[in-house]
Amino acid sequence: MNDVSVTLDQGNSSTKLVVYDWDSRRELHSAVLMPKSNIREAIEGFNVRAAIGCSVAHNRTLSTLLSAINAPVSMQLTPETNVGLVNLYDSPETLGADRLAAAVGAASLIPGRDLLVADIGTASTFDLVSAAGEYLGGNISPGPGMRLRALNHFTARLPLVSGHSGQIPPVGRNTVDALRSGAMRGVVAELLYYSDHGRSREIVLSGGWAPEIAALLPSDVKPTLVSHLVNIGLNHILHSNL
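Written out as structure tokens, the structure reads:
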């Protein structure tokens with residue numbers, strides 16, 4: 001049985017677990033763990049050589065998950081961890097570990113290039129990595145779903161609509177389409193702005209909304225879509241430190 005590494009990306013409501021072959025770093029298995037999930041069942045049959053995790057929730061919960069894996073080597077991503085990028089953030093201790101891990105993952109996949117690392121989920125995060133291997137910082141804005149919920153919540157007459165739709169017109173000719181197009185194409189506009197229309201920075205795109213946002217980009221802007229980008233970064237950091 002080949003050795004594997006286990007990575008844990010812990011969010012506010014669930015944890016993304018991805019298992020990688022130790023030698024090839026190929027993804028072998030992934031699962032979404034809810035608070036009461038049995039992590040031992042998720043890794044059953046694997047010979048775990050090392051594990052790493054990061055959290056935007058409570059590190060104590062992450063420690064419990066890592067302890068349950070019972071790997072010979074176990075580590076958490078902290079501001080003191082050597083990640084291979086020069087972190088130019090003013091307050092590294094306040095930078096979301098998931099954002100840093102995603103930046104590392106993108107740089108490991110496309111080294112030596114200026115990158116815009118965009119994760120479009122509940123929030124939209126836009127992080128910049130230089131070709132020289134520097135994390136330059138980034139911005140955070142509401143994701144499409146949050147924008148639509150906020151428009152409904154903070155206004156008297158705008159309805160609550162879903163951004164998930166087969167057709168997102170360039171300009172809405174009714175209220176529902178105007179809301180959908182505004183929320184989705186607003187994120188597209190941010191991507192184009194931060195990447196200089198894909199000319200100055202290559203776009204690495206992840207998150208639950210990534211495929212739908214990518215479909216709305218101009219045909220000459222071709223992002224790299226990556227699933228489990230945070231986990232890829234965690235796995236890279238784990239190997240680098242070992």
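Every letter in the sequence shown is one number past the one before it in the numbering used here, and letter 82, counting from 1, is 82. Beta carbons are placed, not taken as given, at the ideal position from N, Cα and C, and that holds for glycine.
So, with DSSP's three-state summary, where would you put residue i?
i	result
A50	strand
E327	Given that the chain is displayed from residue 1 to residue 242, the structure contains no residue 327 and the question cannot be resolved.
A183	helix
V161	coil
V73	strand
L8	strand
N82	coil
P144	helix
S177	According to the sequence shown, residue 177 is Asp rather than Ser. D177: helix per DSSP, three-state reduction.
S13	coil
N152	helix
N87	strand
N2	coil
S67	helix
S227	coil
Give the single residue among the options whose Cα lies nearest to the Cα of residue i.
i	options	result
S67	T155, R40, S55	R40
Y194	D114, G133, T61	D114
H197	P211, L217, L205	L217
P79	R99, L109, T64	R99
M75	V6, D220, A178, L192	V6
S130	I120, R157, S108	S108
A42	V19, A123, N2, N231	V19
I237	F126, L77, F46	L77
P142	I120, V171, I69, L242	I120
T125	I168, D177, N38, A97	A97
T64	N38, E44, G84, E212	N38
D127	L95, F154, T155, R49	L95
A210	A156, V117, N174, H239	V117
V104	L136, R180, V83	V83
Which residues in the same chain have their Cβ closer than 7 Å to the Cβ of residue i, if we skip the five residues on either side of it in sequence?
i	result
A183	P144, R147, L148, G163
M34	S14
S200	D114
Count the other C-beta atoms from every protein chain shown that fall within 10 angstroms of the C-beta of residue i, then say buried if there are 16 or more, exposed otherwise.
i	result
D9	buried
A215	exposed
N235	buried
D90	exposed
V187	buried
P223	buried
E93	exposed
T81	buried
I140	exposed
L17	buried
V230	buried
S24	exposed
D220	exposed
L242	exposed
G53	buried
L191	buried
G112	exposed
V86	exposed
Any C-beta of chain C sitting closer than 8 Å to the C-beta of residue i?
i	result
L205	Absence of chain C from the displayed structure is noted, only one protein chain being present.
Kindly list the residues whose CB is nearer than 6 Å to the CB of residue i, restricted to its own chain and excluding five residues on each side of it in sequence; keep chain order.
i	result
N12	A57
N2	D21
A51	V6, L66, I69, A71, S74
S30	V18
N152	L158, L160
Kindly list the residues whose CB is nearer than 8 Å to the CB of residue i, restricted to its own chain and excluding five residues on each side of it in sequence; keep chain order.
i	result
L225	L205, S206, A210, P211, A214
key: 3 or more residues per run - each beta strand (DSSP E) lying fully within the stretch 98–134   = The stretch 98–134 contains these whole beta strand (DSSP E) runs: 115–120, 123–129.
task = Counting only runs of 3+ residues fully inside the stretch 15–41, write out the beta strand (DSSP E) ranges in chain order.
result = Complete beta strand (DSSP E) runs here, min 3: 15–21, 27–33.
request  = May I have a chain-ordered list of the alpha helix (DSSP H) segments no shorter than 4 residues that lie completely inside the stretch 179–224?
outcome  = Given a length threshold of 4 residues, each whole run of the alpha helix (DSSP H) inside the stretch 179–224 is given here in chain order: 210–215.
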